[in-house]
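> Quick note: the sequence shown, position 145, residue 145 per the UniProt record's numbering, numbers continuous. Before I ask anything, let me first share the structure, which is written out below as structure tokens.
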Amino acid sequence: MERLIRPMQARDIPACLELWREVEGIVLRDESDNAPALETFLARTPDLSFVAEDGPHIIGSILCGHDGRRAHVYHLAVRQGLRRARCATALFNASLEAIRAQGITRCHAYVRARNLTALKFWSSVEARLRRDIHVVTLQIDPSALSGA
Numbered sequence: 001m002e003r004l005i006r007p008m009q010a011r012d013i014p015a016c017l018e019l020w021r022e023v024e025g026i027v028l029r030d031e032s033d034n035a036p037a038l039e040t041f042l043a044r045t046p047d048l049s050f051v052a053e054d055g056p057h058i059i060g061s062i063l064c065g066h067d068g069r070r071a072h073v074y075h076l077a078v079r080q081g082l083r084r085a086r087c088a089t090a091l092f093n094a095s096l097e098a099i100r101a102q103g104i105t106r107c108h109a110y111v112r113a114r115n116l117t118a119l120k121f122w123s124s125v126e127a128r129l130r131r132d133i134h135v136v137t138l139q140i141d142p143s144a145l146s147g148a
């Protein structure tokens with residue numbers, strides 16, 4: 001496979017969304033996994049998210065950002081049938097180098113608890129499953145903001 005790893009651009013978003021919808025274990029949220037929201041995300045944290053191309057086709061992608069202290073991997077996916085060719089590792093390594101260049105020293109990945117394939121991948125790159133913390137989520141209604 002002749003693949004190219006390059007930074008994700010706004011024009012890649014439709015193909016990435018299609019890929020993420022196809023990959024089992026990826027959870028998409030209407031409010032944050034849409035073209036306008038992802039364009040804003042890429043503009044806020046450029047050069048951390050990447051795509052893998054095979055010819056004109058996007059076969060893998062990683063959506064990564066940071067908050068100034070920690071990096072966060074939101075989606076890492078490789079098209080079914082093209083896995084086990086180290087594409088996910090190449091995507092992650094590209095993001096990891098960009099994270100290091102920005103002085104970030106810790107990266108969290110969001111993985112569904114039952115996604116054993118993803119957990120195995122993260123273990124292979126020496127990430128560890130945290131059992132000492134839980135992620136808690138508060139859904140924020142933008143229409144409830146003061147002045148709205």
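In this text, a Cβ means the ideal position worked out from N, Cα and C, and glycines have one as well.
Go through its chain and collect everything with a Cβ distance to Ala15's Cβ below 7 Å, but skip five positions before and after it.
As a position in the sequence shown, residue 15 is number 15, starting the count at 1. The answer, listed in chain order, is Ile58.
> Would you identify the three-state DSSP class for Glu18, choosing helix, strand or coil?
As a position in the sequence shown, residue 18 is number 18, starting the count at 1. In this structure, Glu18 counts as helix in the three-state DSSP scheme.
> Flag this pair as touching only if the stretch 129-144 and the stretch 44-56 have three or more C-beta atom pairs under 8 Å; answer yes or no.
With a cut-off of 8 Å, the stretch 44-56 and the stretch 129-144 do not count as touching, because too few Cβ pairs lie within range.
> First and last residue of the alpha helix (DSSP H) that includes Glu39?
One-based indexing of the sequence shown puts residue 39 at position 39. Looking at the DSSP string, the run of the alpha helix (DSSP H) that includes Glu39 is Ala35 to Arg44.
> What residues are listed by DSSP as bridge partners for Val73?
Taking the first residue of the sequence shown as position 1, residue 73 is located at position 73. For Val73, which the question treats as bridged, DSSP gives the partners Cys64 and Ala109.
> Is the beta carbon of Val73 less than 8 Å from the beta carbon of Cys64?
What you label residue 73 is simply residue 73 of the sequence shown in a count that begins at 1. What you label residue 64 is simply residue 64 of the sequence shown in a count that begins at 1. Their beta carbons are under 8 Å apart, which means Val73 touches Cys64 by this criterion.
> Using the Cα positions of Val136 and Ala85, report the straight-line distance between them to the nearest angstrom.
Taking the sequence shown and counting its residues from 1, the one referred to as residue 136 is at position 136. Taking the sequence shown and counting its residues from 1, the one referred to as residue 85 is at position 85. Going from the Cα of Val136 to the Cα of Ala85 covers about 34 Å.
> Is there a C-beta anywhere in chain C that falls below 8 Å from the one on Arg112?
Absent from the structure is chain C; it holds one protein chain and no more.
> Quick check on Ala94: does DSSP put it in helix, strand or coil?
Here the question's residue 94 lines up with position 94 in the sequence shown. If DSSP states are grouped into helix, strand and coil, Ala94 belongs with the helices.
> Residues in the same chain with beta-carbon distance under 7 Å from Gln102, minus the five sequence neighbours each way, listed in chain order, please.
Sequence index remark: in the sequence shown, residue 102 carries index 102 (1-based). Same-chain partners within the cutoff: His66.
> Please report the residue range of the alpha helix (DSSP H) in which Leu116 lies.
Residue mapping note: residue 116 aligns to position 116 of the sequence shown, counting from 1. Start and end: Leu116 to Ser124.
> Assign Ile133 to one of two classes, buried (16 or more other C-beta atoms within 10 Å of its C-beta) or exposed (fewer than that).
Numbered from its first residue, the sequence shown carries residue 133 at position 133. By the 10 Å Cβ count, Ile133 comes out exposed.
> According to DSSP, is Ala127 helix, strand or coil?
For this step, residue 127 is matched to residue 127 along the sequence shown. It is coil, neither helix nor strand.
> Pick helix, strand or coil for Ala85, following the three-state DSSP scheme.
Reading the sequence shown from its first residue, position 85 is the one you call residue 85. Ala85 falls in the coil class under three-state DSSP.
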